[in-house]
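Peer 1: This note's numbering applies: residue 349 is where the sequence shown begins, and numbers increase by one.
All residues carry an ideal CB built from backbone N, CA and C; glycine is no exception.
Quick one: this structure, given as structure tokens, is what I'll be asking you about.
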Amino acid sequence: MADLAVLTDDVLAEILLRVPSPRDLARASASCASFRRVASSSCFLRRFRPLHAPPPLGVFCCYPAGRGGTAGSQFHAALSPHPSAPLARAVASSADFSFAFLPPPADDWLVRDSRDGRFLLDRTRDGSTAFTEVAICDPLFRSHDSVNEEDPAFTVIWMACCRGKLVAFFYSSESQQWCVLSPPEHYALSTRRVMGVRLGQRNHAHGCFYWKVALTHRWLVLDTCKMEFSVIDISLVLSGCVMMFSNQITTLESSDGRTTVVVSDVFRSDKRCVLYFYAFMYFRDSWQLLNRVTLPEEWGYRFRGIIGSAEGYLFIKLDHPKENLNDQSERHVEYFSLDVKTMQLGSFCRTTLTVSEAYLYCGFPPSLLLPSI
């Protein structure tokens, strides 16, 4: 075996770029000073990040206002034996998930989304709830809004109901400008509907974003390669399913370039929860049914949707166990991971508080991260 001392940093970098995951890189870096020096360099990290998706590290939960009238939020790190637990603990001890670094007052800011380690927050401005003040922030580096040309580029999609129709804009960190998008004319997107326009949980796969339009069997799709919207009828795959939650349908990327869609059939007469797995190459193509999975019987009344997907796993939210409903000390919300290939279930994390919104947090640990804002 060659002596590590004779290997140049360039050769070590090529070796470390080929490790399977950020978790493996973190372990390799901790084992050797040479590995640590190379893996922590900004040049290496800028090459490593595009090749490896950030691992799931925990769940960021928003809590409704209690008797005091103040809502709250908290990050819950992945717990052992999940493989992300060590990295999650490092992030939890380093990041400021209270967003105290944002312009005061801190209670005005509401989390709207989380992706690739960044958070999107907003607060009302001049009394307008449609066009609000927006902040993109990185809780690890306690920074927001400023953009460095070496940072990974990002885009913000913002939609609002205005004068009887849905309007949309996007912001590019590269141009640092807002541009207008044109959603298609469709009855499902008309505010003349009795309940108005309500969009469900944001999903993403292979360059497309998907939102289910509430109270319809329609998807609003944004193809980010073309920056074009479409409205897609998905009635065939939702037929017979009662869609009460926006997170009953989610997407994830397949290694063969196809998009996998998971539909949760919850409100069944047999009280069971069944997941249907479909796949397509492009969202306008016909969908192929891949699998049908029945979740454990006791999950039928606890299932509260799929909060996200990462690394070939679905992350499922379960409400309080039935036997604990009257015992406040034992009430908790649990999050489980489901391996899409093996259909194996594993515990991810939990909270003892009532959750109004939950966001799967994926990111790199501090040792492998450059500032992203």
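Could you pull out every residue in the same chain whose Cβ sits closer than 6 Å to the Cβ of H534, ignoring the five residues on either side in sequence?
Peer 2: Counted from its first residue, the sequence shown places residue 534 at position 186. Hits under 6 Å: V579.
Peer 1: Sort out for me which residues DSSP pairs H565 with in a bridge.
Peer 2: Looking up residue 565 in the sequence shown gives position 217. DSSP lists no partner for H565.
Peer 1: Closer than 8 Å is the cut-off here; do at least three beta carbon pairs connect the stretch 467 to 476 with the stretch 422 to 438?
Peer 2: No, the stretch 467 to 476 is not in contact with the stretch 422 to 438.
Peer 1: Identify which residue in L638, R620, S382 and C589 has its Cα closest to the Cα of T608.
Peer 2: Position 260 of the sequence shown, counting from 1, holds the residue named residue 608. Nearest option by C-alpha distance: L638.
Peer 1: Judging by CA-CA distance, which residue of L693, E645 and H680 is the nearest neighbour of L662?
Peer 2: Start at 1 with the first residue of the sequence shown, and residue 662 comes out as number 314. For the residues L693, E645 and H680, the minimum Cα distance to L662 belongs to L693.
Peer 1: Considering just the uninterrupted stretch of the alpha helix (DSSP H) at I363, what are its terminal residues?
Peer 2: As a first step, residue 363 must be located in the sequence shown, where it is residue number 15. Looking at the DSSP string, the run of the alpha helix (DSSP H) that includes I363 is D357 to L364.
Peer 1: Nearest chain B C-beta to S523 closer than 8 Å, yes or no?
Peer 2: Absence of chain B from the displayed structure is noted, only one protein chain being present.
Peer 1: Take P669 as the anchor and find which of C556, W647 and A658 has the nearest alpha-carbon.
Peer 2: To locate residue 669, count along the sequence shown from 1; it is residue 321. Nearest of C556, W647 and A658 to P669, Cα basis: W647.
Peer 1: Rounded to a whole number of angstroms, what is the C-alpha to C-alpha distance between T480 and V439?
Peer 2: Taking the first residue of the sequence shown as position 1, residue 480 is located at position 132. Taking the first residue of the sequence shown as position 1, residue 439 is located at position 91. T480 and V439: Cα-Cα distance of roughly 29 Å.
Peer 1: Decide if the stretch 559 to 568 is in contact with the stretch 599 to 616; the criterion is three or more beta carbon pairs, one per stretch, under 8 Å apart.
Peer 2: No contact exists between the stretch 559 to 568 and the stretch 599 to 616.
Peer 1: Please list, in chain order, all residues of the same chain as A378 whose beta carbon is under 8 Å from its beta carbon, the five residues on each side excluded.
Peer 2: By one-based count along the sequence shown, residue 378 stands at place 30. Result list for A378: R384, in chain order.
Peer 1: Near G420, what residues of its chain come up, given a Cβ to Cβ distance below 6 Å and the 5 sequence neighbours on each side ignored?
Peer 2: Translated into positions along the sequence shown, residue 420 becomes position 72. Excluding sequence neighbours, G420 sits near Y411.
Peer 1: Taking only the alpha-carbon atoms, compute the straight-line gap between I655 and T356 and give it to the nearest angstrom.
Peer 2: Here residue 655 refers to the residue found at position 307 when the sequence shown is read from its first residue. Here residue 356 refers to the residue found at position 8 when the sequence shown is read from its first residue. Rounded to the nearest angstrom, the two C-alpha atoms are 43 Å apart.
Peer 1: Thinking C-beta only, is T503 closer than 8 Å to A553?
Peer 2: Here residue 553 corresponds to residue number 205 of the sequence shown, with the count starting at 1. Here residue 503 corresponds to residue number 155 of the sequence shown, with the count starting at 1. No; because the gap between Cβ atoms is not below 8 Å, this pair is not in contact.
Peer 1: Quick one, are the C-beta atoms of T699 and H424 less than 8 Å apart?
Peer 2: On the sequence shown, position 351 is the one that residue 699 refers to. On the sequence shown, position 76 is the one that residue 424 refers to. Yes; because the gap between Cβ atoms is below 8 Å, this pair is in contact.
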